[in-house]
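Here's the structure, in structure tokens; my notes come after.
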Amino acid sequence: DTAVSQTPKYLVTQMGNDKSIKCEQNLGHDTMYWYKQDSKKFLKIMFSYNNKELIINETVPNRFSPKSPDKAHLNLHINSLELGDSAVYFCASSNLFAETQYFGPGTRLLVL
Amino acid sequence: AQKITQTQPGMFVQEKEAVTLDCTYDTSDPSYGLFWYKQPSSGEMIFLIYQGSYDQQNATEGRYSLNFQKARKSANLVISASQLGDSAMYFCAMREGVAGANNLFFGTGTRLTVIP
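Note that the protein sequences, when read in sequence, are chains A and B. First residue of the first sequence? That's 1 in the working numbering, and the numbers climb one at a time after it. First residue of the second sequence? That's 1001 in the working numbering, and the numbers climb one at a time after it.
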């Protein structure tokens, strides 16, 4: 009964590949997010999305794209992976008018 | 300018003692929210405590309290009666504007080590 879940937990892949990370929340929230945590532990927002609006951090390359099949899911697709994409990716969710974002366990991506 | 500043890369505290983790923030928006998250070595991000900019009282959650000093723009986390399980990275974060699909801005974190 995990509130926010992500799969896979670990992802090791070659440069140039395309990969996806899945995120699901069972909290009934209407807003979901993707964050990137770099090797220095710094967390930065990539996207926020509710069923009406996608807000993209302008620093995110267009190789990254979020896809939401329904309100409970926000998957992250990454095309043409690069070495610098290696990081931990966190999904989070909140209610639009609530105060707290709840995070998934993270996906550790390593690009070789 | 950094929106959230955590000046302590690492802190040590003796078990059962209290410890304060510093956080200062920078915003011109009158409405904002301040958060603390804990990241243990297992990697997950655990929500600890929240303070709204209009809240009159300092937030408390069990052994966690947030020392909110609005004029100084500081939101320090106080952990009382430290336990070995408190050893982790602690992140301060801020949401600007009223609650909504607003992103969190994170500080660089403080690594807390509790000594037996």
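Just so you know, even glycine gets a beta-carbon here, dropped at the ideal spot from N, CA and C. Just so you know, these numbers come straight off a predicted model, no measurement behind them.
{"Item": "What do you get for Thr-31(A), buried or exposed, if any count of 16 or more other CB atoms within 10 angstroms of its CB means buried?", "Value": "buried"}
{"Item": "So Gln-6(A) and Ile-21(A) are in contact, right, with Cβ under 8 Å, and what is the actual spacing, rounded?", "Value": "6 Å"}
{"Item": "Between the alpha carbons of Ala-1088(B) and Leu-1112(B), how many angstroms are there, rounded?", "Value": "5 Å"}
{"Item": "Closer than 9 Å, Cβ to Cβ, to anything on chain A: give me those residues from the stretch 1047 to 1081 of chain B, in chain order.", "Value": "Phe-1047, Tyr-1050 and Gly-1052"}
{"Item": "Please decide whether Leu-1104(B) counts as near chain A, where near means a Cβ-Cβ distance under 8 Å.", "Value": "yes"}
{"Item": "Going by C-alpha to C-alpha distance, which of Asn-79(A), Met-46(A) and Glu-53(A) sits closest to Lys-19(A)?", "Value": "Asn-79(A)"}
{"Item": "Once the 5 residues before and after Lys-9(A) are set aside, which same chain residues still bring their CB inside 8 Å of it?", "Value": "Pro-105, Gly-106, Thr-107 and Arg-108"}
{"Item": "Cα separation between Lys-52(A) and Pro-69(A)?", "Value": "13 Å"}
{"Item": "Taking the beta carbon of Asp-1029(B) as the centre, do at least 16 other beta carbons fall within 10 Å, making it buried, or is it exposed?", "Value": "exposed"}
{"Item": "Going along chain B, which residues have a C-beta under 8 Å from Thr-100(A)?", "Value": "Phe-1035, Phe-1047 and Tyr-1050"}
{"Item": "Spell out whether any CB of chain B is found under 8 Å from the CB atom of Val-12(A).", "Value": "no"}
{"Item": "Report the residue from Val-88(A), Leu-110(A) and Tyr-102(A) whose alpha carbon sits nearest the alpha carbon of Gly-1043(B).", "Value": "Val-88(A)"}
{"Item": "Just the Cα atoms here: how many angstroms apart are Asp-1055(B) and Asn-1067(B)?", "Value": "12 Å"}
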